[in-house]
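Everything below concerns the one structure shown next.
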Amino acid sequence: MDNILLKVGEFGLYQKCVFTLICLSTLFCGLYETMSVIFLNSPEHRCKIPGLENDTYDIHSAYQQNLVNNYIPPSTDDDTLDYDQCHLYSFDNNNVKFDNPSRPINASLVKCHEWVYSDSVFKETFTSKFNIVCNDTFLIPLVKSMYIVGKFVGACVFGNLSDAIGRKITFFVAIMMMFGLTFGMSWSSSYTMFAVIMTAIGATTQGIFPVGFVLGLELVGPSKRKYTGIVIEYFFSVGLMILAGVSYLARHWHYINIVCSAPAVLYIFYWWFIPESPRWLINKHRYQDADMVIKRMAKVNKRKIESDLWENEGETKVSEPTGSVWQLFSSGMLLRTLVILFNWFTVYMTYYGLTLIAGNLEGNFYVNMFVSGLVEIPAHTMVLLLIGRVGRKTVYSLSLTLGGCACASTIFPIADSEIENQTIITTLAMIGKFGMSAAYSTLYLYSAELFPTAIRNAGMGACICTARIGGIVAPYIADSAALIGGMFGKVFPLGLFGVFSIIAGLSSLTLPETLNKTLPETMEDSKLLGKSTYMSLEDNGSKDKIPFYENNGYLSEEGLTRL
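Residue numbering for the sequence shown follows the working numbering, beginning at 1 and increasing consecutively.
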């Protein structure tokens with residue numbers, strides 16, 4: 001197939017158009033990766049004043065201020081809040097005493113069941129609409145974790161489906177499902193309904209990003225795949241930035257969701273513009289359909305091809321050796337495998353966690369969200385420029401350690417709560433996001449090169465499962481700030497992510513470099529990788545090329561794909 005792509009154009013006008021359409025669809029994956037940060041944002045709130053109709057969080061009169069002082073205790077657990085968010089004073093009007101004109105001293109504290117919310121950031125979120133606060137706050141990280149569970153299930157379902165019925169159909173079905181689910185989510189009438197839909201959306205993202213990535217990649221020639229693998233990451237990051245802009249303009253979770261989901265209806269027209277993967281068609285022995293795709297590609301690219309182009313293509317497939325994932329835990333491979341799995345757990349946990357934390361940092365909510373996506377652009381660019389020059393190990397280890405040190409350093413400025421120090425914390429968090437994005441973009445390629453061909457699929461499958469566990473844990477760490485309270489609570493998740501990242505970055509130094517090395521075929525090859533006796537690409541005159549490998553729909557050749 002690669003020889004055919006060389007003849008019709010490795011990345012001609014046809015591939016560029018198709019790949020652009022696929023990349024545009026990944027914007028929605030970026031949007032909904034962080035949509036929970038918007039929908040489940042918990043605005044500042046306090047208990048509703050009993051008997052006061054149309055009570056609002058903001059004070060509009062001296063009378064309202066006096067009632068707030070009567071009924072609402074000041075916050076004692078978190079010095080960043082004005083009011084206790086979950087309790088109010090209960091007292092007998094005939095016997096109450098005050099320590100000043102309005103503060104009762106012989107009243108009891110009781111839990112409240114109605115709240116009023118600040119509208120300084122959002123007019124309404126799902127959290128404020130359904131009062132998911134106080135004793136119910138544990139439900140917020142649960143939904144965020146269920147989104148990752150959905151991605152785990154979706155990877156299995158859509159990955160296998162794309163192998164069975166084709167990349168194009170699977171991709172199109174996932175897009176239409178996401179459109180229906182996201183649009184319908186605006187009318188969620190309960191927490192359970194919302195949680196189920198978010199889980200299903202997580203599943204559909206695995207039918208869009210990975211399957212679409214594979215579809216586009218299989219249309220591109222071998223020398224261009226590294227670049228297309230990075231380019232698709234840019235669109236994901238742009239999706240994060242678009243969400244920040246839409247949220248700023250709409251400021252209501254219902255309208256934000258409609259604005260973000262409505263354009264997906266245009267993807268209906270993708271059916272007539274995006275072809276089926278010719279590689280998949282060949283694998284299914286549908287040579288006539290593959291021939292039509294290639295001829296259309298050649299026509300748009302203005303290339304001429306032979307009429308018998310596919311004559312021997314079906315006979316050239318070479319079977320790959322197979323093995324068991326348990327071989328990775330054998331003598332000589334155990335330490336390396338544990339290091340790789342720990343790095344996958346840490347990188348995805350920290351990347352997803354930093355994405356969720358962006359909205360909780362000091363400063364303008366929307367600016368923080370926008371910058372959180374913006375810093376990924378130079379991170380991807382750095383990887384693109386350096387990964388083939390200085391090596392995978394160097395880029396990965398330095399990026400991860402840089403991000404970890406930045407996050408861990410946020411613990412130092414909290415001794416002084418001046419605004420300058422709060423700004424420093426936000427800046428360090430964004431540097432951490434930069435490092436995590438670069439490490440994330442490198443890890444998929446790097447770890448795939450470390451596994452032998454015989455069990456590369458199984459090894460990458462184990463990595464993806466481990467990363468999912470990190471993603472499930474991340475929301476609980478990110479939302480621990482609300483439980484701890486104060487400035488220390490704000491930096492505790494960052495510090496914890498930083499410590500994990502530093503340990504992972506240092507542990508990755510035990511892994512061998514794979515740049516300009518032939519891919520290991522057997523377990524013995526993997527054990528020799530990194531030693532002076534192992535063959536480099538210069539030794540055998542081959543090119544730095546990664547063959548296609550597949551696991552639950554994740555396919556790549558010199559490409560990097562997001563979980």
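By construction, the Cβ of each residue, glycine as well, lies at the ideal position given by its N, Cα and C atoms. Just so you know, these numbers come straight off a predicted model, no measurement behind them.
When the beta-carbon positions are compared, ILE148 and SER25 stay at least 8 Å from each other.
A direct Cα-Cα distance of roughly 24 Å separates LYS123 from LEU142.
Fully contained in the segment 259-290 are the following alpha helix (DSSP H) runs of length 4 or more, in chain order: 278-283. In the displayed model, VAL110 falls within a strand according to three-state DSSP. Counting the other CB atoms within 10 Å of its CB gives ILE268 a total below 16, which places it among the exposed residues. Boundaries cannot be given for VAL121, as no alpha helix (DSSP H) includes it and DSSP labels it neither H nor E. DSSP, read as helix, strand or coil, puts TRP187 in coil.
Around the beta carbon of ARG389, a 10 Å sphere encloses fewer than 16 other beta carbons of the protein chains shown; the residue is thus reported as exposed. The C-alpha of LEU529 lies about 37 Å from the C-alpha of SER372.
With a cut-off of 8 Å on Cβ pairs, the segment 349-367 is not in contact with the segment 205-216, counting fewer than three such pairs. Exclusion of the five residues before and after GLY12 leaves ASN301 as the residues of its chain whose Cβ lies within less than 6 Å of its Cβ. By a beta-carbon distance limit of 8 Å, PHE194 contacts MET185. Their separation comes to about 7 Å.
In this structure, the alpha-carbon of LEU515 lies about 30 Å from that of PRO278. Of the candidates ILE305, LEU384, ALA429, VAL37, VAL37 places its Cα closest to the Cα of SER247. Around MET1, the same chain offers ARG279 as residues with beta carbons nearer than 6 Å, after the five sequence neighbours per side are excluded.
HIS254 carries a helical assignment under DSSP once its states are collapsed to helix, strand and coil. Counting every other CB atom within 10 Å of its CB across the protein chains shown gives GLY154 a total of 16 or more, marking it as buried.
In the DSSP assignment, TYR89 falls within the beta strand (DSSP E) that extends over 87-90. Between SER441 and ILE230 the beta-carbon gap is near 7 Å, inside 8 Å, which marks them as a contact. The segment 461-468 makes no contact with the segment 396-410: fewer than 3 CB pairs, one atom from each, lie closer than 8 Å. A direct Cα-to-Cα measurement between LYS284 and MET292 gives close to 15 Å. In the DSSP assignment, ARG46 falls within the unbroken beta strand (DSSP E) covering 45-47. For TYR396, the enclosing alpha helix (DSSP H) starts and ends at 392-408. Of the candidates PHE172, VAL259, CYS156, PHE172 places its Cα closest to the Cα of LEU21. A direct Cα-Cα distance of roughly 10 Å separates GLY245 from ARG251.
One thing to note: LEU88 has its Cβ within 8 Å of the Cβ of CYS112.
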